[in-house]
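Visitor: Below is a structure I'd like to ask you about.
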Ligand code: NAP
């Protein structure tokens with residue numbers, strides 16, 4: 076039998092994304108020889124062992140990475156600096172550290188200073204997820220047919236990047252390499268702003284008078300329902316995304332607000348042509364997403 080891509084892997088944070096990766100390792104033994112789970116929560120560690128998706132699980136993050144060839148950080152963005160500080164001194168020479176965080180400049184800022192020389196850091200972000208959290212929410216097919224973006228800082232060891240890329244390819248993803256700042260701007264419009272809009276709409280609805288609120292629930296299939304799914308996403312994860320992608324998100328909110336004001340004006344002045352022209356243009360975007368199999 077050929078040796079696995081990574082003999083020893085540690086996943087830190089066994090929520091939706093971490094536990095989905097753990098399930099991928101269980102399904103395909105050619106990816107990892109031994110999988111250790113590190114999580115601050117004893118309940119999560121116990122559950123991971125019950126589910127049989129790691130060989131060992133511990134709340135001692137430093138101990139969890141000892142001897143690991145690959146460490147995958149999968150905690151909320153706000154916890155990265157603490158986790159990196161806890162594991163830095165325990166990493167073996169030549170180990171690869173990667174992550175799955177939704178913002179990349181902040182991850183590089185918070186993690187890189189804690190990693191010793193001789194450890195390779197390959198930040199990553201799978202563009203895959205659901206509104207569910209925790210170790211029971213994961214599933215091995217999550218990354219299939221999805222993009223994974225790697226944002227290695229300049230000078231990163233090419234062989235380390237390739238091994239991380241190979242892992243994502245084998246779990247079914249298509250790879251893209253990006254500069255971290257570019258990643259953060261792209262995600263601000265494709266992911267962060269849509270979540271902010273969903274949180275706002277659902278928040279506005281919950282502020283309505285009581286009788287209107289019940290109508291909102293009853294007639295939610297008319298559009299509102301799709302926003303409630305997005306607005307049910309993990310509050311801690313999304314708090315950290317907005318706090319750590321501040322500049323890019325603020326810039327995109329500014330542009331969005333200007334466009335919204337233009338639409339408001341078109342409605343006020345009965346400018347049907349303006350509305351129809353925009354709605355026709357946006358329809359073609361939906362078609363291209365379906366054609367790209369990202370629907
Ligand atoms: P999740 O389901 O909430 O799981 C996070 C796990 O990390 C939980 O078990 C949590 O434990 C643990 N944790 C939190 N702080 C920790 C710390 N300081 N030390 C050790 N463990 C800690 O989160 P997720 O959805 O998998 O997201 C994880 C990462 O993936 C985030 O950075 C997110 O930006 C990124 N991501 C998420 C999605 C998505 O759709 N969900 C998609 C792509 C990327 P507790 O339960 O005790 O807090």
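Residue numbers (the numbering used here): 76 to 370. Just so it is clear, CB atoms sit at the ideal spot from N, CA and C, and this is done for glycine as well. Keep in mind the model is a prediction, meaning the values are calculated, not measured.
CB-CB under 7 angstroms to residue 108, same chain, minus the five flanking residues each way: which ones, in chain order?
Guide: 79, 82, 83
Visitor: Whose C-beta lies closer than 6 angstroms to the C-beta of residue 145 among residues of the same chain, with five residues either side of it excluded?
Guide: 81, 84, 171
Visitor: Could you pull the start and end residues of the beta strand (DSSP E) that residue 39 belongs to?
Guide: With the chain represented from 76 up to 370, any question about residue 39 goes unanswered, as that position is not in the structure.
Visitor: Any heavy atom of the ligand NAP closer than 7 angstroms to the CB of residue 135?
Guide: no
Visitor: What are the partner residues of residue 148, as DSSP defines its beta bridges?
Guide: 87, 174
Visitor: Can you list, in chain order, the residues of its chain whose CB lies under 7 angstroms from that of residue 232, leaving out five sequence neighbours each side?
Guide: For residue 232, where only same-chain residues beyond five positions count, the Cβ hits under 7 angstroms are 195.
Visitor: Hey, how far is the Cα of residue 116 from the Cα of residue 124?
Guide: Whole-angstrom Cα-Cα distance: 13 angstroms.
Visitor: Using a threshold of 8 angstroms, state whether the C-beta atoms of residue 280 and residue 299 are closer than that.
Guide: yes
Visitor: If residue 302 and residue 276 are in contact, beta carbons under 8 angstroms, what's the gap, nearest whole angstrom?
Guide: 5 angstroms
Visitor: Among 209, 130, 223, 212, which has the Cα closest to the Cα of residue 203?
Guide: 223
Visitor: In chain order, what residues of the same chain lie with their CB nearer than 6 angstroms to the CB of residue 315, ignoring the 5 residues before and after it?
Guide: 151, 152, 153
Visitor: Output the distance between the C-alpha atoms of residue 138 and residue 291, rounded to the nearest integer angstrom.
Guide: Straight-line Cα distance between these residues: approximately 50 angstroms.
Visitor: Does the stretch 90-98 touch the stretch 209-220, meaning 3 or more C-beta pairs lie closer than 8 angstroms?
Guide: yes
Visitor: So, helix, strand or coil for residue 226, using DSSP?
Guide: coil
Visitor: So with Cβ pairs under 8 angstroms, would you call residue 261 a contact of chain B?
Guide: Absent from the structure: chain B. Only one protein chain is present.
Visitor: Might you give, ordered along the chain, the residues of its own chain that have their beta carbon closer than 6 angstroms to the beta carbon of residue 252, omitting 5 neighbours on each side?
Guide: 225
Visitor: Can residue 323 and residue 259 be called in contact, C-beta distance under 8 angstroms?
Guide: yes
Visitor: Tell me the residue span of the beta strand (DSSP E) that contains residue 265.
Guide: Element bounds for residue 265: n/a, residue is neither H nor E.
Visitor: List the residues that DSSP assigns as beta-bridge partners of residue 201.
Guide: 223
Visitor: Using the Cβ count rule (16 or more neighbours within 10 Å means buried), how would you classify residue 363?
Guide: exposed
Visitor: Determine the direct distance from the alpha carbon of residue 141 to that of residue 311, and round the result to whole angstroms.
Guide: 28 angstroms
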